[in-house]
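Read through the structure below, which is laid out as structure tokens, and then see the notes.
Numbering (the numbering used here), first residue to last: 10 to 279.
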């Protein structure tokens, strides 16, 4: 026992931090089992009913997230931190839905927005622990991810359980693949013609780009246009549309945001 205590005392914070599984394998297993990808990989839906009936794996992963303290987190590199936070947002959002699944089944609620109260939105509820403190989804997105990382593609990776959200990947985000995963998320999101594209009226985009315009270049429509030009292959379906995207004054409009739950049962009905 004395030797074990000595070893623990000599372990550096960096060594201790390595005990966290940065492959996020348990979360990938949950996502692979319960996320249904459709429309050539552009959309996905969640089998919440099955997840609610078999949530042990998700709960185990959430416990892994909650066990990480600030000291451990600070020892990680930037990609490890960002992957951790994105996965935490998506995983705790899943927990929020299935913990209220009976209300969805009964028809009392139809979207994540219905889980709030008169004074508190669901994103303002401190229903989980992360980095040693009770947290909210709003804290994760607006006070942590958007503040600590200059990475606009996170808006194609954080998924709030709504139809108009970007697709929920059927795999966890991991540090070693984060660049490719974030790029794939943005390309897939912009390639989904129900949410983004170019038509006779100009450029139509998800409301997400309106809500978070400040995160894209100059923080205005000029900045949005500039940002979108680098994704011409995803947004445009032909050369004419690609040429229109180069116009400095191409009109931008933002599409209606469908807050209906991104559930597999809805996908089957449609």
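Even glycine gets a Cβ: it sits at the ideal position worked out from N, Cα and C.
Since this is a predicted model, take the numbers as computed values, not measurements.
Nearest Cα to residue 141 within the set 127, 77, 132, 128: 77. Using a Cβ-Cβ distance cut-off of 8 Å, the stretch 25-41 and the stretch 173-190 are in contact, since at least three pairs of beta carbons, one from each stretch, lie closer than that value. Residue 120 and residue 171 do touch by the CB rule: their CB atoms are close to 6 Å apart, below 8 Å.
Residue nearest to residue 216 within the set 263, 176, 138, 256 is 263 (criterion: CA-CA distance). Here the alpha carbons of residue 128 and residue 187 stand approximately 36 Å from one another. In the DSSP assignment, residue 228 falls outside any beta strand (DSSP E) and carries neither an H nor an E. Remark: three or more beta-carbon pairs, one from each stretch, lie closer than 8 Å, so the stretch 145-163 and the stretch 218-237 are flagged as touching. In terms of Cα proximity to residue 233, the closest of 208, 199, 203 is 199. Your pair residue 176 and residue 51 checks out as a contact, with CB atoms roughly 7 Å apart and the cut at 8 Å. Under the three-state reduction of DSSP output, residue 36 falls in the helix class. 91 is the residue among 273, 62, 91 whose C-alpha sits nearest the C-alpha of residue 74. The C-alpha of residue 122 lies about 9 Å from the C-alpha of residue 132.
If you draw a 10 Å sphere on the C-beta of residue 115, you find fewer than 16 other C-beta atoms in it, and that means exposed. At least 8 Å separates the beta-carbon of residue 61 from that of residue 38. Counting along the chain, residue 253 sits inside the alpha helix (DSSP H) bounded by residues 248-254. In this structure, DSSP gives residue 63 a state outside helix and strand, which the three-state scheme calls coil. Rounded to the nearest whole angstrom, the C-alpha separation of residue 68 and residue 248 is 48 Å.
Contact check for residue 98 against residue 152 fails: the beta carbons are separated by 8 Å or more.
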